[in-house]
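Start counting at 1 in the sequence shown, then tack on 260, and there's your number in the working numbering. In this text, a Cβ means the ideal position worked out from N, Cα and C, and glycines have one as well.
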Amino acid sequence: MRVSGYNTFYHNNNIKPTFTEYRDFVMNNNGRLDYRMDTCSFRHDIDFDRFAKFLGDKFPNLSDVEFVVHACSDGEEAYTYASAFDCVLGDRAKPLYPLTAKDLNPKCVELANNAVYKMRSYELDHAKFQLSGKVDDYYKLLEKGNCYELRTPSDKIKHLVKFAQGNIFNDIDNLKGHKTVLSARNFWQYLKSEDAILLAYKIAKKFDSTCMLVIGHCDKDAGIDEILTELHFREVPELNNVFVKTRDSLPSPGKLHLTYSARKLLQDFEYLHMSKFSKFMYNLAKFVI
Numbered sequence: 261m262r263v264s265g266y267n268t269f270y271h272n273n274n275i276k277p278t279f280t281e282y283r284d285f286v287m288n289n290n291g292r293l294d295y296r297m298d299t300c301s302f303r304h305d306i307d308f309d310r311f312a313k314f315l316g317d318k319f320p321n322l323s324d325v326e327f328v329v330h331a332c333s334d335g336e337e338a339y340t341y342a343s344a345f346d347c348v349l350g351d352r353a354k355p356l357y358p359l360t361a362k363d364l365n366p367k368c369v370e371l372a373n374n375a376v377y378k379m380r381s382y383e384l385d386h387a388k389f390q391l392s393g394k395v396d397d398y399y400k401l402l403e404k405g406n407c408y409e410l411r412t413p414s415d416k417i418k419h420l421v422k423f424a425q426g427n428i429f430n431d432i433d434n435l436k437g438h439k440t441v442l443s444a445r446n447f448w449q450y451l452k453s454e455d456a457i458l459l460a461y462k463i464a465k466k467f468d469s470t471c472m473l474v475i476g477h478c479d480k481d482a483g484i485d486e487i488l489t490e491l492h493f494r495e496v497p498e499l500n501n502v503f504v505k506t507r508d509s510l511p512s513p514g515k516l517h518l519t520y521s522a523r524k525l526l527q528d529f530e531y532l533h534m535s536k537f538s539k540f541m542y543n544l545a546k547f548v549i
């Protein structure tokens, strides 16, 4: 599988994500690219209306569902979810609100709270299709330009999303892990290989078989879908990039088809989180063997 090149995983120079609209980047202390902040509304790698219907079918009672968006950037995709849920599910979606949307960068949170978006013609076309032609109900027109429109979420959805700063690595521990739907899209390729593998493992360890994870097309380019399959996730056949957890348990790190370094990383993580008694028994077993 693609993860076998552990030291170069997610660092393939041939992978060039093609996003539009909000574009920014963060450099690390060495002057190298750390991660990009690229987003748009109604990105084509998910059919948001079909996803909303699937969500409603999977969870007849949405009052128990926790929906969280991480790496939300300037908030365009969080509002895409909110408008699609309202359009497709109507009042049934009310227990989901406000959707929780977080980003590591405080600048993104500020932009998301301001929520003024330059929507290109193809974004508007996709929005019209996903929202049954009701774009004006969900996005108020501010200004028309050449091949774009400046819009902001209408009062109908402005209050349906709550933005905050947050680190997904830390926040995983705060999720319920039962009937949790996590959108973590199109940022995995910017993580170091060991961080990407560890994050996927932490999510899989936290989630039971009622949970879902939504990723992006560029995450598949980086091979994260194959890691998820190893961790008992399955992509929903009728939807792109939507994965359901198939069982509560996880395979032991030693049985995963990863490199030795990756397996060792996960084994160390498991050991670190053992109870003192479990560590004692583990070390005793190693000594006896």
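Element boundaries [alpha helix (DSSP H), containing residue i]
| i | result |
| --- | --- |
| Gln527 | 520–532 |
| Phe467 | Taken as a continuous stretch (DSSP letters only), Phe467 belongs to no alpha helix (DSSP H), as it is neither H nor E. |
| Ile428 | 428–431 |
Chain D contact for residue i (CB, 7 Å cutoff)
| i | result |
| --- | --- |
| Val441 | In the structure shown, chain D cannot be found, because there is only a single protein chain. |
Residue i in three-state terms, based on DSSP
| i | result |
| --- | --- |
| Arg445 | coil |
| Phe314 | helix |
| Tyr357 | coil |
| Gly291 | Here Gly291 scores only 39 on pLDDT, less than 50, and its place in the model is too uncertain to base an answer on. |
| His330 | strand |
| Arg352 | helix |
| Lys452 | coil |
| Ala482 | coil |
| Val421 | strand |
| Thr340 | helix |
| Thr506 | coil |
| Arg495 | According to the sequence provided, residue 495 is Glu. The question's Arg does not apply to it. In this structure, Glu495 counts as strand in the three-state DSSP scheme. |
| Asp363 | strand |
| Asp307 | coil |
| Lys416 | helix |
| Asn434 | helix |
| Lys394 | coil |
| Leu384 | helix |
| Gly514 | helix |
| Phe319 | coil |
Neighbour-count burial assignment, residue i, 16 or more Cβ in a 10 Å radius
| i | result |
| --- | --- |
| Glu336 | buried |
| Tyr520 | exposed |
| Tyr217 | Not covered by the structure: residue 217. The range shown for the chain is 261 to 549. |
| Glu557 | The structure shown has nothing for residue 557, since the chain only spans 261 to 549. |
| His386 | buried |
| His419 | exposed |
| Lys480 | buried |
| Phe368 | This sequence places Cys at residue 368; Phe is not what is there. Cys368 is buried by the Cβ-count criterion. |
| Thr268 | Summary for Thr268: the model assigns pLDDT 34, below 50, so the residue's position carries little reliability, and this model does not support an answer. |
| Asn288 | Here the model assigns Asn288 a pLDDT of 40, short of 50, so the residue's position is not dependable, and the following value carries that caveat. It is exposed - the Cβ of Asn288 has fewer than 16 other Cβ atoms within 10 Å. |
| Gln425 | exposed |
| Lys515 | exposed |
| Val376 | exposed |
| Cys407 | exposed |
| Tyr531 | exposed |
CB-CB length for residue i against residue j, believed under 8 Å
| i | j | result |
| --- | --- | --- |
| Phe319 | Lys439 | 6 Å |
| Thr517 | Glu495 | First, the residue type needs correcting, since residue 517 is His and not Thr in the sequence shown. The pair is not a contact, with the Cβ atoms about 18 Å apart (cut-off 8 Å). |
| Val395 | Lys388 | 5 Å |
| Val325 | Ala338 | Not really, about 16 Å apart at Cβ, beyond 8 Å. |
| Asp317 | Asn500 | Not quite, the Cβ-Cβ distance comes to about 17 Å (not below 8 Å), so this is no contact. |
Terminal residues of the beta strand (DSSP E) in which residue i lies
| i | result |
| --- | --- |
| Leu473 | 472–474 |
Beta-ladder partner(s) of residue i, from DSSP
| i | result |
| --- | --- |
| Leu401 | Arg411 |
| Tyr377 | Arg411 |
| Thr440 | Glu326 |
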